[in-house]
Amino acid sequence: MKNMIVTALKLFGRNKAFLFSVTIIPTLLFLLMTVLLPYTKKHSVSVINHTDDKAIENSINGIDGINIVEAKEDKIAELITRGTIELAVVINEDPETGFAVAQIYNSGDSEIYDAVELAVSYASDSSQNSITSVNSSDRGTHNLMNTLPFMLYKFIEGASVLGAMIIADRKKHIKDRIMLSCISPVTYISGMTMVYFICSCFGSGLYCLVGGIMNYDFGMRYPIHYFIMLCFVNLFSASFYIFAATLVNSEESLQGVSTLVLISAFFSGMLFPFDYMPKVFKMIGNYCPQRWIVKGIENIQVSGTFSAAFPQIGLVFTLTLIFLIIGVYRNNKIINVRY
Amino acid sequence: MFSAIFKKDFKLALSNPMHIGIIAIYPIIIIIVFGFTMRNNMDNIYGTFDNTKVFYYRDNASDEMLSKFTEISEIISDKIGVEFEEISDYDKACDEVEASKAYAVIKIEADGYDYFRSDFNETYGGDIVRTLFVELSNNEANSNTVVQNVSLNIKKVTADVYYTFAGLGIAILFLALVMSNSFGRDYSSGTIEKIMMSKAGAHSIILSKFTCGAILGLIQIAIALSLSTLIFNIDWNHNLGMIIMVHIVMLLFSLCFGLMVGILIPNKMTTYLAICYFAMLSNYLGGSITPVYLLERIPILKYIIKISPIYWTNQSLTNLYNGTNDSKTRNCIIVLLAFAVVFMAVTFLYTSSKSKSISANAGYKNQEAIQP
Amino acid sequence: MNIIEINNLKKSFGGVTAVNGISMAAEKGEILGMLGPNGAGKSTTIGCILGIVASDSGSVVYEGKYSLKKWKKHIGYIPQELAIYDELTAEENVSFFCALYGGKDLKNKVTKALDFVGLTDVRKKKAGTFSGGMKRRLNLACGVAHNPTLIIMDEPTVGIDPQSRNRILENVKKLNENGATILYTTHYMPEAEELCDRLVVVDHGQIITAGTKHEITSKISKNVVTTVSFQDDSEHIQNIAAELKSDNDITDISVEENAIKVKYAEGVPVIKDIINLSVTYSLDIENIITEEPTLEDIFLTLTGKALRD
């Protein structure tokens, strides 16, 4: 086994394309997709203040959970039409009374209209000490969940390298040579899988580290849980491609398998948020392993405990085992010596 | 002669399944899939305050704090619909807050409030409620402030409408591929020189391909707008004519661009890549995939998106849909037409010079042949 | 004692019978050649022997009593494909495949194997940078590094330059001299003739004939053809031809420009007679070419069909 692991390490380590695709590329793609998929559930509001009094403006700017967008007054209607903003608060001073007049422009059915109105009504520039103390929070500022389905696709598809290596070994009769030795088929597969798993977990770790450094919000008490879920994904991806390598005869044919992964990623919410997808798409997506992982992560985020993801982990792990068992069996089928 | 070339180009264009995809299938898929999928997101319906509550706990609370709390909670409850529930086990309540069962636990004390929220999974709704509670607890209602609700009578662009425009934008820009592909085929088979040397001449080639593309584009526009109207029951209002006009101008831009790229670059693969990248980038920046209102919130990107022709058409189409026919539409049409004219001029100039050089070479060869 | 005994091995792929009742045995210390054209069933037979391909019926026994499962660690396999990792160095390749068999003294075994195939100087270089011939030698080294008792080589010299081929053939002989039994498949007759103690000729999954080279070629009553070319075209060439015609062992003589073509039974000293006659008539010989019976000839004789590619 040690020999297998050392050799597999060398093989993977000298494959520059693999190293890049497992370590640097996911992180780069993650940063790119954050820009390409900036979906958010934050409501956007503009504030245009024509007075010197900053109380209302500060009150609205101080509302956590909304996005403040700069806008010009003559563009309000256009911006609301396009959906760039939901509300616009224009603050003027009544010349007769000297009162602040806050006009809240909207299109009629905003979820946060009442909240903004409340904030405006109770705005004050007094600087007394607050009688309400709030515990601190060090949540990140950027949303990680938008890009998660895409990243899962990338991590799963990354194991196609492992599948390609198994196929190449088979075609070049390297596998036959190995099987004729004292190595068992399970050791052969395990050695390669272990090394791939370590490399891919390193890549996942790098992605999580960059996310942490750049202040992405993991939405979890312990971000390590996010990393652990990704490790399950890497294990699943290895087993899937070990199985897939027994179905096809060439490395190029594995691309067809990767297309399948892409399609299931689409139904899992890769391009746009799963919650917004049509019912039929969601139904299909619920059968995709990527969706189980996302759901597991969401459960951890919502419940605050890792055990909330156990059902999804169980499903993924079961599928992993099935693929692994069938894959190893099919890989060994011909070597089941009967003399 | 022209009709012969046109018939040939039209047949060849329709013989390629990819072209059928671009003309008919892509716009339909984008309109239907994205139109249904993005509905809630574009309507800003996020369920921000759905099924939510806040716990509260008395910890040697004074009467003053208690009555103030009652007042605040009633106001917030009335306005936003958040429920306030008293609990007896503070620690258990904190656990439930972290398990997203409630936004927060408010401990009412003798001289103030202790607001406990989850430090890792507080939602945006929770953020808003917390901010309001803090503000209301510290301030009184400002009697010097008048709040007016200005409800605009505007037709918000829904996902159905938005992605009808987006789907058409993608399809029309990719029509340039059909154009360049047509030239690429003529180059690789050598027929382009033959036609240029014939009586038909170089300009017939351009005109034929242009006409072919225009017909296909008009079919695209008809399919997309009809489908949208049928499935989503969209009311296009009195600006439908202008909406179609903007799409036609976009079509002209795309066709002329494809013709220019196709005639200048003989290599099919290079033209394919050039047009693909241009179309994908323009479409993304123009908001064909991710809605433009999201892109406009990203620093730096909000300026870069303005270079995309899809962004200009997007802007003008949304205004037109809303009943506004303003300078944006006029500017969009003028700029796109100007580009189309420039592209077409380049195409004509190049084909003219190419056909002259072909004739000159043929004449020279003929002279050689005549000599003994 | 037979190192390996194959009994009535059969294997079909769909409707095609690749191996149709092959029985043979290799004695300890011999080089047994398996000769046949492409598609004869050589590689499939090897595959069945090694368990790579599951046979439909038949048996393979090692050292009279052992199954492949118990005996496989004594086998060295050199496949037709280059079963080496391009990303690893020569040393790493040999070390990996040798280490699979366990045992002590790995470093020495690796050094010996590389030395054996003449790749010591390039041991630290990646296999991907090697020429075809060097890769074949490395392929060989990987298969023999663990000192196997039985070495099975499936066309190990395909597609390489003559120098590398000769090197490999020398290596094979050395391995045999060191005690290894070798099962060697090829479709190239001269190679089989040079190396093998015994030959088994196969086609369409069946053994056509078997025995030593002499036993096989003696089954063919094919004459040898010798062409002697002279420097100048001279009437004396006709004189030489006339004198040779009187020899009863010579089947046919023809004169073409400045050359004489003579057909005769193998073993007859025709060349000696031609040289003597050339001296008598003061003719300078430019070239003497003798055509041996080829595999084609064997097949034609034994099967009545031409050798297919």
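Chains as they are written, first to last, in our numbering: chain A, 1167 to 1505; chain B, 107 to 478; chain C, 1121 to 1429.
Where is the CB? At the ideal position from N, CA and C, for every residue including glycine.
Everything numeric in this text was worked out from a predicted model, so none of it was measured.
Proximity of residue 1212 of chain A and residue 1251 of chain A at Cβ, strictly below 7 Å: yes
Cutoff 6 Å; reference residue 1300 of chain C; Cβ partners in own chain excluding five residues on either side: 1271
Neighbourhood of residue 1131 of chain C by C-beta, 7 Å cutoff - its chain only, sequence neighbours within 5 removed: 1138, 1139, 1164, 1168, 1173, 1175, 1176
Contact with chain B by residue 1504 of chain A, beta-carbon distance below 7 Å: Its pLDDT being 31, under 50, residue 1504 of chain A is placed unreliably in this model, and the value from its coordinates should be taken loosely. Not closer than 7 Å to any Cβ of chain B, the Cβ of residue 1504 of chain A fails to qualify, so no.
Cα-Cα separation between residue 1359 of chain A and residue 1167 of chain A, rounded to whole angstroms: 12 Å
Residues in the segment 1301-1320 of chain A having any Cβ partner in chain B nearer than 9 Å: 1301, 1302, 1303, 1304, 1305
Which of helix, strand or coil DSSP assigns to residue 233 of chain B: helix
Nonlocal neighbours in the same chain, by C-beta distance under 8 Å from residue 1333 of chain C, ignoring five residues either side: 1312, 1313, 1316, 1319
Nearest to residue 481 of chain B (by Cα), restricted to the options B:290, B:222, B:269, B:180: Outside the modelled stretch of chain B, which goes from 107 to 478, sits residue 481 of chain B, for which no answer is possible.
Residue interval of the alpha helix (DSSP H) (run including residue 1305 of chain A): Unbroken run through residue 1305 of chain A: none, as it is neither H nor E.
C-alpha gap between residue 98 of chain B and residue 429 of chain B, whole angstroms: Nothing can be reported for residue 98 of chain B, as the shown portion of chain B is limited to 107 through 478.
Any non-hydrogen atom of the ligand SAH within 6 Å of residue 1148 of chain C CB: With respect to the ligand SAH, the structure shown offers nothing to examine, as it has no ligands at all.
Residues bridged to residue 1144 of chain C [DSSP beta-bridge criterion]: C:1126
Residue 1293 of chain C - DSSP class collapsed to helix/strand/coil: helix
Beta-carbon contacts of residue 237 of chain B that lie in its chain and below 8 Å, excluding the five residues immediately before and after: none
Buried/exposed call for residue 257 of chain B, threshold 16 Cβ in 10 Å: exposed
Residue-level contact to chain A via CB, residue 1253 of chain C, 7 Å cutoff: no
Contact with chain A by residue 475 of chain B, beta-carbon distance below 7 Å: Unreliable positioning characterises residue 475 of chain B in this predicted model, as indicated by a pLDDT of 41, which lies under 50. The coordinate reading is nonetheless provided below. No, residue 475 of chain B does not count as interfacial toward chain A.
Euclidean distance between Cα positions of residue 1336 of chain A and residue 1188 of chain C: 20 Å
Within 7 Å, strictly: CB atoms of residue 1247 of chain C and residue 1210 of chain C: yes
7 Å Cβ cut-off: residues of chain A touching residue 1236 of chain C: Correct list: empty, because the minimum Cβ distance to chain A is about 18 Å.
Interface flag, residue 108 of chain B vs chain A, CB-CB below 7 Å: no
The segment 1235-1250 of chain A contacting the segment 399-408 of chain B, beta-carbon criterion three pairs below 8 Å: yes
First and last residue of the uninterrupted beta strand (DSSP E) at residue 1257 of chain A: 1253-1259
Spatial neighbours of residue 266 of chain B in its chain, beta-carbon cut-off 7 Å, leaving aside the 5 residues before and after: 141, 334, 338, 340
Contact set between the segment 1336-1347 of chain A and chain C, restricted to residues whose Cβ is under 9 Å from the partner: 1337, 1338, 1339, 1340, 1341, 1342, 1343, 1344, 1345, 1346, 1347
Buried or exposed by the 16-neighbour rule on C-beta atoms within 10 Å, applied to residue 1397 of chain C: buried
Candidates A:1317, A:1436, A:1460: closest to residue 1191 of chain A by CA position: A:1317
Alpha-carbon spacing of residue 118 of chain B relative to residue 309 of chain B, whole angstroms: 19 Å
Other residues of its chain near residue 214 of chain B: CB distance less than 8 Å, five sequence neighbours each side excluded: 162, 163, 164, 165, 167, 171, 172, 175
Contact check, residue 315 of chain B vs residue 149 of chain B, beta carbons under 7 Å: no
Touching by the beta-carbon criterion (3+ pairs, under 8 Å), the segment 1348-1358 of chain A and the segment 1483-1498 of chain A: yes
Contact with chain A by residue 1429 of chain C, beta-carbon distance below 7 Å: Its pLDDT being 46, under 50, residue 1429 of chain C is placed unreliably by the model, and nothing is read from it.
Pick from B:344, B:358, B:414 that is closest to residue 323 of chain B, judged by C-alpha positions: B:358
Nearest-angstrom Cα separation, counted from residue 1238 of chain A out to residue 275 of chain B: 28 Å
Rounded Cβ spacing between residue 1204 of chain A and residue 396 of chain B (contact assumed at less than 8 Å): 7 Å
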